[in-house]
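See structure below.
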Amino acid sequence: MNYSDAGIFLCIIVLLLIISIEICIIYFQNNAKENIIETMNQHTQKIRTDIFPSIEIDKIFDRIYLISLPSRKGYISEVMESFSINPIYVEAIPKEILDPTNLVKDGIVDKNYNYKNLGRVACHLSHIKVLRTFLATKTAKIALILEDDLKKCSGKKFYKKRMKHLSQEIKRIENSWDVIYLGHCWTSCLKLSFISEQLCKGGNPLCRHAYVVSRSGAQKIIENTLPMYNNGDEMMKLMNMQGLLRVLTLMPPIFFQNRNDLKSNLENFKKLKVCGDLQFSSSNISVVIPHYARPHNLKILIPQLLKYPEIGEIIISHGNPKHFVKIPHAKNIKNYYLNDLYGAAHRFFSAIEAKNEFILFVDDDTVPSHKLVQNLLLHMEKDPMNIYGPFSKKCTIQGYDRNPSDNYNMILTSTMMTNKLLIKSFVTNFHQYADKLFETKGNGEDLLFNYHVWKILQKTPIRVKGDFETLDRETHSYKNISSHYPIREQLCKNMKIPEKECHFALNNNNKIHYRLGDMVFHSERRKETSGYELHKKLFPNSIATKYMDLTKHENDLDILMKIIEKKKNLAKMPNENTLVIHLRTGDVIDRSFNPEKSSFDINDLLSRKKISTMKFYNYDKTKKNNVKTYVKSLQYYEEALESFVPPHVKHVVFVTGFHKTDNHDKSMKYVESVRDYFKKKGYLVSIRLNQNPDDDFLYMCNSKYFIQSGGGFSALISEIVQKKNGNVYFSDKL
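Residue numbers (the numbering used here): 621 to 1354.
This is the structure:
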């Protein structure tokens, strides 16, 4: 080998060495990059897990944004915790930074739009800000957008169930929507039509405190709402009406605004209505009567119903061609095929054709009295999203209870009032129940309707008392079939409604069983049937049950204070400028079985011409058996204002509720009269009516200024307020 060859060989060796080193560098760089990416992915995954810890809501929504003012951050954080949501906080655009003189020039508002309310402009710009942030995240397909004025989650289990169903429904309707409202302050229920178990089209909802948006929806909103020519939600409503935005509504809503406590920054002071167009008017009931083989009953029933001015339409749903009789002054619908398949369930299909939204189902063997119809309508006017009737049963995994007393969860269709929207939902989802009703030949259609409404609303059907006349019930009756009750028994067991689910579903009626004051004051009452065992079963996490679990003693304030401190998680407690007043209402004013307490006029109570009294076991046991007044007069509150309430207090919150199932018209007149008295005195007034008893208790116990009413419950609150260095007013004289 010569030197020339040796030089070439050496060069090749050096070149190979350089290439090897370069390859190693590239390898290690790539490996390091992959490690960094992996670390970032793990960190990102950790953040996502932290954001949605308990119900895996990130599997439904790719992003969750919360528009919030800094002043509400503390409040809304507790609300989000109640929903198990940890969203991406987006600071709302404050109206103070907007320059009204440049809004038109800058293309923010149209010159014809009245934008004096800058809060509405700032609100819409905040939503636009979030929508743009969402679109900038290329991997995110759908987002949930929330505002900071939401109420706390009132039922975690129900919420989780509904979100799970919503997830399935969103997957089924993929790419066929732009916006889904999970909450709204108004909608036209007359125009809603269900496309699935919970989702409706139509209705044109308003308010944007909770909605889901797709990428296409976000793009459409941005392109079509700037410059602003109306309020943000109104523009989205118009887009929906014009076919520019595909809007769906979750019914009933999951998220609600808390205007009572937070008021409105946008001057929205109107009462919130889930259904804005279901209003009371004369002749707005459609009666639907299933008919099979008792035309002689119809001859008695129909003329009687026609006498009631509230009834504007009668529909006869005929199920048997052999006994068809065309009834004058009624809409006659032939449902022979449906009757052969599903028995009396054909009544629900006929109800869809009613011209009115309030539906009264009546079997052809029952004549409801005019007073009963009026009572049912009064309940519908207060809450159209429920079921009402005089005949109640209980249906759980344990079976079918025909005599459930107050612990019921079913209302029979033999006389039942509800609204067409709920019936539409049942008919839309009838496929879920068709096989079972085919097996039972229609027996149990009323139970399944109740179950469906309970499943989507988690609401108690309400028993409404009233008179009725019974006609021929023997001809072709379900009850004459030996298998009638065994079928219903098995049907209830198959529904698998646990006993405790039944009880918790009955929130309104369960108030008659919850007795916090009695359980704290009277150890002997804990041994009664309505005592510890019932509270442990119905209210295992309540203050009363926690107290009894911790002590057998009466009136142990130290134990009670510890429970209160642990449960002090309300979204809003009264501040130092708020006067809290407990009003004792309900049975002490309304009870019809005690003439002395029901025959007087409310003005007699207010002027102290009459008093509602009781034997009250005072918190101080040395003052036992003193007669004290339950219900206070206006003079009582006048004296409190003069001698107790400091001048800086401007807000008054009345707290009251009913724990009996009576007619509470007199109680409401009393509450309204006291409210109006304080309004005339110049106070801003709010009312907490029929809310969760434990929440009310916590709220009142944390008062800075508290006016006590009669009763052990109110006295107990007074003791705690004083222990927490609050101020209490009470006088037995008035």
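Virtual Cβ for every residue (Gly too), placed ideally from N, Cα, C.
If residue i and residue j are in contact, beta carbons under 8 Å, what's the gap, nearest whole angstrom?
i	j	result
residue 933	residue 974	6 Å
residue 1199	residue 1327	7 Å
residue 749	residue 713	7 Å
residue 1009	residue 1031	4 Å
residue 879	residue 853	Not a contact, Cβ separation roughly 15 Å.
residue 862	residue 805	Incorrect: roughly 21 Å between the Cβ atoms, too far for contact.
residue 981	residue 1060	About 18 Å; that fails the 8 Å criterion.
residue 783	residue 677	7 Å
residue 1134	residue 1313	6 Å
residue 1254	residue 1276	About 16 Å; that fails the 8 Å criterion.
How far does the beta strand (DSSP E) with residue i in it reach, from first residue to last?
i	result
residue 1021	1019-1021
residue 1202	1198-1202
residue 1308	1304-1309
residue 1035	1035-1039
residue 801	799-801
residue 993	No beta strand (DSSP E) contains residue 993, which is instead part of the alpha helix (DSSP H) from 990-1002.
residue 934	931-938
residue 942	Careful: residue 942 lies outside any beta strand (DSSP E) and carries neither H nor E.
residue 978	978-982
residue 1275	1271-1276
residue 683	683-688
Along the alpha helix (DSSP H) that carries residue i, what are the first and last residues, could you check?
i	result
residue 703	Where residue 703 is concerned, there is no enclosing alpha helix (DSSP H), given that its DSSP letter is neither H nor E.
residue 1263	1254-1263
residue 752	738-756
residue 1060	1054-1060
residue 831	Counting along the chain, residue 831 falls outside any alpha helix (DSSP H), though it belongs to the beta strand (DSSP E) covering 830-834.
residue 723	Counting along the chain, residue 723 falls outside any alpha helix (DSSP H), and DSSP gives it neither H nor E.
residue 1167	1163-1170
residue 915	915-926
Rounded to whole angstroms, what is the Cα-Cα separation between residue i and residue j?
i	j	result
residue 797	residue 739	29 Å
residue 950	residue 1329	54 Å
residue 936	residue 1115	30 Å
residue 1052	residue 1017	19 Å
residue 746	residue 930	47 Å
residue 818	residue 703	19 Å
residue 1298	residue 1250	20 Å
residue 820	residue 1318	38 Å
residue 1343	residue 687	38 Å
residue 1174	residue 1262	35 Å
residue 1022	residue 1272	46 Å
residue 1337	residue 1284	24 Å
residue 1352	residue 1257	12 Å
residue 1011	residue 1087	11 Å
residue 1013	residue 1339	42 Å
residue 705	residue 1323	29 Å
residue 1288	residue 1296	12 Å
residue 802	residue 856	15 Å
residue 743	residue 728	12 Å
residue 844	residue 795	20 Å
residue 1349	residue 1265	9 Å
residue 1028	residue 1036	15 Å
residue 1048	residue 824	20 Å
residue 1278	residue 1170	28 Å
residue 1073	residue 1226	41 Å
residue 711	residue 692	10 Å
residue 1093	residue 917	9 Å
residue 955	residue 938	6 Å
residue 1148	residue 1172	15 Å
residue 675	residue 781	Because residue 675 carries a pLDDT of 48, less than 50, the predicted location of this residue cannot be relied on, and the following value inherits that uncertainty. Computed Cα separation, rounded: 10 Å.
Please determine, among the options, the residue with the shortest C-alpha to C-alpha distance to residue i.
i	options	result
residue 1078	777, 1134, 691, 823	777
residue 684	708, 1351, 1173, 695	708
residue 1270	1289, 1084, 1304	1304
residue 1091	724, 690, 988	988
residue 732	752, 846, 864, 982	846
residue 1113	1045, 1060, 849, 1015	1015
residue 970	1027, 904, 1040	1040
residue 1268	1196, 700, 1109	1196
residue 837	864, 986, 1185, 1334	864
residue 914	904, 941, 926, 905	941
residue 759	695, 682, 840, 788	682
(request) Could you tell me whether the region 1099-1108 touches the region 996-1005, where touching means 3 or more Cβ pairs closer than 8 Å? (result) no
(message) Three Cβ pairs or more, each shorter than 8 Å: is that satisfied between the region 753-761 and the region 830-842?
(response) yes
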